[in-house]
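Okay, so here's the structure we're looking at.
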């Protein structure tokens, strides 16, 4: 939810639905961004002092000097395991320590040996150990090039935009003038004092900036690259745009009221990771800095037409395409991880090796979530729950927003409306369903509120610049903000989720962290003052990390309350690099507009590329009221996105799925049912994502990295390793969609009709209101459970149907993952993980994890082979050597073979022969 | 009375149906031999093996309703035709936990078919269908536990208790309905009386209005007469000079005395300023200069000088006059006793007329109010008429809601702020039961646009009271309003039938 107070009221009364841009800074209004952006390329004052170079086995250090002011920097260079190069730049002798981001890397990265290949007075050449990869450090001006063979993969400071504002003592204007005139010989040591260096005012807020200027920036050149992605969160296209003619992309976690589409404004979360892709190679840049950050992108081919590019090619134009990127952060140090790929999946695993993988969610959380601000009371919850049964629509979670609390005091229940929460939770548990209740990080300042008193007495609140507890205005009125950057604070917070602390809770209650940017209604840009302090650090240094820490402490609380047994489920709005380890993210307060439905795809794809797979948008749109058509289309699209939750603003009319007439109820029911049949597949993909860091929902180019036609596609995507291609209908009144089916030698099967289509074509698909265009790739095997029940938990022991889609070589493969669905026991190898292969007319199930143990009641009830030919007989051979003939059905018109009730246990070894 | 007869008829039917059911289920429940998914043939995690299942000794098929219509489909034989006729399958494949028929008819007892239905026999309670997806899902749905024959759920047969409770509930409902209908009859009778009373009242008021109109005309005439008399007297006064002169001396003296505030026998500037004003601008105090001019440029003026100078000016009356002060004569002629009498008479008649006019207006307003009230649809027998003029309150959390039927709905917070949730709109029940729902519209405007409205559903009860208030969406209120007049004898029969 966004702040609705003065700002919201003013907007709504004027009838405007767009964001009020005036509430948020442009680069021009952000002093450090303006300062840094004003620097001109090609004038780098930095020089590498090669004589200071020290090389141990795994670490190279080198001093850089700014010839203008003689301030020295220390550069560190590491070769990290898995084809990653880390470059750190800090002041050699800062006045006081500069902030280095903790708790984001999962461990100190493992280093690998570096060696010097050659060295002269102009530079040093280092070997990176693999595939003739080298780093060339040039001395004057300082520049760093990463090469592979004769190709430059990436260059740093090639445009000379490295800037490192050193910490300095504050001088008042008068003494500065005296010094500069008297000691004219040392004038290069003095920096020009500009506006906004020691104090900055935006609207009515003044930032006191006691440490003065402290920004850092660096440019990267990417030869051969025309496509860059990532750096979420922005409501923008998947492929990032050049920023020459506007503001840079901004990364600064903000509660933006009614955000606007297709612009680079900051939103609720930030992951400072960019992925660069060309047909030859995929690389990534991870800029580990939690302060306000701006990213400029320019390209030498931007603006050129396809024809122009062709002309260049024909004429042998010398200019290779190149993308230049520049990162600017307000404080901290430069700490970058250059992920050298070369494939998209290599970049994913490289990034995962640094910040971890997607948390493995409880299976139920992949089901459908019913949310609204607010379900009014227990009776309301009960009747909505009953509505799902009455209309035979499955769901797993019902959600409670802020109104369930006693006066916006989190960890409490409204004594009248939610007088007996355990009774309510038990009612849900009886139906194998669950609940999520909101817990926000702003704490009501109220002497009668236990949580507030404890935090205050322990000194756990963030402090204002004068040392008192920071206070801001949020839902409860006056509120303070716990300092989640403190480990002791987080431990205390986690302990508050214990069943005896958080009264009225049971194991089927999970948590939602909203407003954790943090949102401060009366703060600058609706967030916390940058000069507020977290111990030794300013809020300025840690801002983008705050939300991650809130979710971290909350998830830890849910783990602890179960004695470390149960997997947590925590939804967050604010996030940072590493948030993928902690739970789910949603795209915040969107609106009931077709454009918002459409942009949910690139927004979640962008997050997936930088590790955050568990992403979704509010089904139906948060603000405003959707048309019935939009609502149905959103349910259909959402069914094929990872996090599937309907949500609505308190001022909108009710929109539970059955309120729009029987026809639309049926359409929504069908969409939700499709989701539930695919839960085994979603779950298995999340297991994969948890193990490998690969995104669950991914752009086509990830799987077809050489197919240029896929590079900018954002109206369709893949779920999992190529296997399902989804092109949801996101246009009003659509009569058809055109889906690009990739792969020259691929075939694709419509999952609803089983019709076969060739790859490498744009396929026009006529659609009706019931259509959700989804295709299964020939060559894949997807498990489903077709007995859709009230909730995912009710389907636990149900049998599987395997969908085997044959490719032109008449082969297919897939996986099947099964565990208990909710505990950490999979870490103790309690799971089933099998490889399913179809080749040479034999379908087999082979154990991929022989050391793992788990038993399941589930069996294989049906096998559907798409693109099959008619066998004369089908024989099943089980592990005990027994053979039996199976009945089957063959539909010659569609070439679909259905094997009836083979009956083997899903965890067993077996082979099935089609003769 | 009719209701009780209907109830007894219903009960008799129930009992006979129950007897039928027992006959139809010679091998009851899942412990018996009925149906296929039994005992060893289904164990956890193992699909039903058809070959090992005992031959269906009973003529019913588990999970199907064994009624006349269904029986023919599941007769023991070699093959089974899906009920939709789409397919013929071997009989062993009925209820073998694999869906063969598109319509789900081959799996009435398992969860295999997506569109299937499972029949809960629920002996002792009412039988009903559940979706097949609720079979063996670990949740007890049928009170006889028959849906969870192969799951981890431990279900107990609760049909008898439920049946007891249901019967008690239905009996309670029946009592309520009977009592409600009795009360309703009373209210209908009262309603008719009230309607007649109101009609009589209306006629009475209309009669009063007519009488008042006659009176009104009489008084108008009288007033007119009095006014005319007054006018005549005034004219006569002004015309008859002799008479006026007779009074003139005393008048000159009395006016002089009136002006001579300090009674010293001479007029001063201040005294003139205090009592004399311009004819055309009575509010303005005369200036020093103007007053001096009236005193013929002398600072003092005695009676004789007054009589020869200022008196003339005053009697001419076209430039200045004596200010209307309390008790002071407004004009020269007001001193005349005849005129005074005529004036009093005219005033008296005016007052009388006003009173009658007011009475007439009041009565007409009452008539229009009553007509408006009587124009509302109070049901076929005016049974809802008694609600008009009543208000019903209910406190929900921090708010007190007040429903004044056919008038308005309000919400009052504990802080004391009262908000309108709508004014009487109309009946909005379905055609079949038009008087089951009413709507109040155009209440206080909402923050997001639109205005508050309230939908009131009327339900049968022995008391008339507001039972619940909800606000499912912002500014849209739903009320449950209970009253005997909502009891419906027709519904009564339907109700029992569908519930049992």
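Protein chains in written order, with the UniProt record's numbering: chain A, 1 to 915; chain B, 1 to 500.
Think of the CB as a built atom: it goes at the ideal place given N, C-alpha and C, for glycine as much as any other residue.
Computed from a predicted structure; not experimentally measured.
Anticipated Cβ contact below 8 Å, residue i with residue j, distance rounded
i: residue 386 of chain B; j: residue 191 of chain B; result: 6 Å
i: residue 478 of chain A; j: residue 445 of chain A; result: 5 Å
i: residue 362 of chain A; j: residue 821 of chain A; result: 6 Å
i: residue 497 of chain A; j: residue 560 of chain A; result: 7 Å
Three-state class that DSSP yields for residue i in the structure shown
i: residue 205 of chain A; result: strand
i: residue 655 of chain A; result: coil
i: residue 438 of chain A; result: strand
i: residue 200 of chain B; result: helix
i: residue 534 of chain A; result: strand
i: residue 154 of chain A; result: strand
i: residue 758 of chain A; result: strand
i: residue 433 of chain B; result: helix
i: residue 604 of chain A; result: helix
i: residue 37 of chain A; result: helix
Minimum Cβ-Cβ distance from residue i to chain A less than 8 Å
i: residue 473 of chain B; result: yes
i: residue 178 of chain B; result: no
i: residue 111 of chain B; result: yes
i: residue 156 of chain B; result: no
i: residue 114 of chain B; result: yes
i: residue 137 of chain B; result: yes
i: residue 482 of chain B; result: no
i: residue 108 of chain B; result: no
i: residue 38 of chain B; result: Interpretation of residue 38 of chain B is limited by its pLDDT of 34, a score under 50 that renders its predicted location unreliable; the figure taken from the coordinates is listed afterwards. Cβ-Cβ to chain A under 8 Å: no for residue 38 of chain B.
i: residue 119 of chain B; result: no
Member of the options whose CA lies at the smallest distance from the CA of residue i
i: residue 215 of chain B; options: B/427, B/352 and B/418; result: B/352
i: residue 270 of chain A; options: A/612, A/718 and A/434; result: A/612
i: residue 402 of chain A; options: A/205, A/474 and A/225; result: A/474
i: residue 828 of chain A; options: A/86, A/849 and A/816; result: A/849
i: residue 123 of chain B; options: B/451, B/65, B/91 and B/304; result: B/65
i: residue 24 of chain A; options: A/806, A/203, A/515 and A/726; result: A/203
i: residue 368 of chain A; options: A/354, A/388 and A/353; result: A/388
i: residue 81 of chain A; options: A/90, A/341 and A/562; result: A/341
Proximity test, Cβ basis, 8 Å: residue i and chain B
i: residue 653 of chain A; result: yes
i: residue 195 of chain A; result: no
i: residue 227 of chain A; result: no
i: residue 650 of chain A; result: yes
i: residue 391 of chain A; result: no
i: residue 741 of chain A; result: no
i: residue 834 of chain A; result: no
i: residue 675 of chain A; result: no
Residue j beta carbon less than 8 Å from that of residue i
i: residue 600 of chain A; j: residue 292 of chain A; result: no
i: residue 567 of chain A; j: residue 824 of chain A; result: yes
i: residue 385 of chain A; j: residue 393 of chain A; result: no
i: residue 421 of chain B; j: residue 437 of chain B; result: no
i: residue 244 of chain A; j: residue 298 of chain A; result: yes
i: residue 584 of chain A; j: residue 372 of chain A; result: no
i: residue 325 of chain A; j: residue 295 of chain A; result: yes
i: residue 843 of chain A; j: residue 868 of chain A; result: no
i: residue 813 of chain A; j: residue 835 of chain A; result: yes
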